[in-house]
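> Have a look at this one before I ask anything.
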Amino acid sequence: MTTKKKYITLSLAILNRKRKQLNDELQELQISMASETKSSAGDKYETAREMINQEKNKILTQLSEIGKQENLLSQINPIENHKVIKTGSIVTTDKEAYFISVSLGKVSDDNLQFMAISPASPIGQLLLNKKSGESIEWRGKSENIISVE
Numbered sequence: 001m002t003t004k005k006k007y008i009t010l011s012l013a014i015l016n017r018k019r020k021q022l023n024d025e026l027q028e029l030q031i032s033m034a035s036e037t038k039s040s041a042g043d044k045y046e047t048a049r050e051m052i053n054q055e056k057n058k059i060l061t062q063l064s065e066i067g068k069q070e071n072l073l074s075q076i077n078p079i080e081n082h083k084v085i086k087t088g089s090i091v092t093t094d095k096e097a098y099f100i101s102v103s104l105g106k107v108s109d110d111n112l113q114f115m116a117i118s119p120a121s122p123i124g125q126l127l128l129n130k131k132s133g134e135s136i137e138w139r140g141k142s143e144n145i146i147s148v149e
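In full-length UniProt numbering, the protein residues as written are 1 to 149.
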């Protein structure tokens with residue numbers, strides 16, 4: 001399995017865990033909504049239902065975002081190597097390994113450790129269109145780009 005394929009697989013596994021957790025939370029909210037009984041204090045009932053609905057909408061928004069991230073990852077060609085940094089690139093600097101894809105932060109398993117970042121993130125914007133041998137200035141420190149895949 002190529003390194004890029006491993007990066008994609010690890011990123012998708014994180015998104016799958018997030019999706020499962022959010023679906024579990026959504027199911028708990030459905031149970032809470034169903035068990036919410038209308039009491040003589042009607043305002044309290046309506047307030048509780050509205051809070052549950054707001055939380056449900058927040059979770060649905062997060063699930064939609066996960067779907068977009070999964071879609072983006074599925075469009076990355078795992079065998080394509082890049083000369084110039086763009087979405088789907090693996091970038092190794094003298095400080096960090098970056099996967100320009102979706103914003104997941106630090107990702108690691110037994111053999112790999114990298115930062116999954118969005119091309120729209122501040123550091124992603126600095127890296128885009130750079131090549132091996134170039135450098136960026138990030139948080140007052142220089143990072144030299146060693147390789148781009």
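Ideal Cβ placement from N, Cα and C applies to all residues, glycine included.
Would you grab the beta carbon distance between residue 187 and I145 for me? Rounded to a whole angstrom, and I think it's under 8 Å.
With the chain running from 1 to 149 in the structure shown, residue 187 is simply not present.
> For the candidate residues L29, I8, L72 and S147, whose alpha-carbon lies nearest to that of H82?
With distances taken between CA atoms, H82 lies nearest to S147 out of L29, I8, L72 and S147.
> Q21: which of E137, P119, Q62 and T2 sits nearest, CA to CA?
Q62
> Could you round the C-beta distance between L73 and S101 to whole angstroms and report it? I think they count as a contact, below 8 Å.
6 Å
> Can you tell me which of the three DSSP states M1 falls into?
In this structure, M1 counts as coil in the three-state DSSP scheme.
> What residue ranges within the region 56-140 form continuous beta strand (DSSP E) runs of no fewer than 3 residues, ordered along the chain?
90-93, 97-100, 105-108, 113-117 and 135-138
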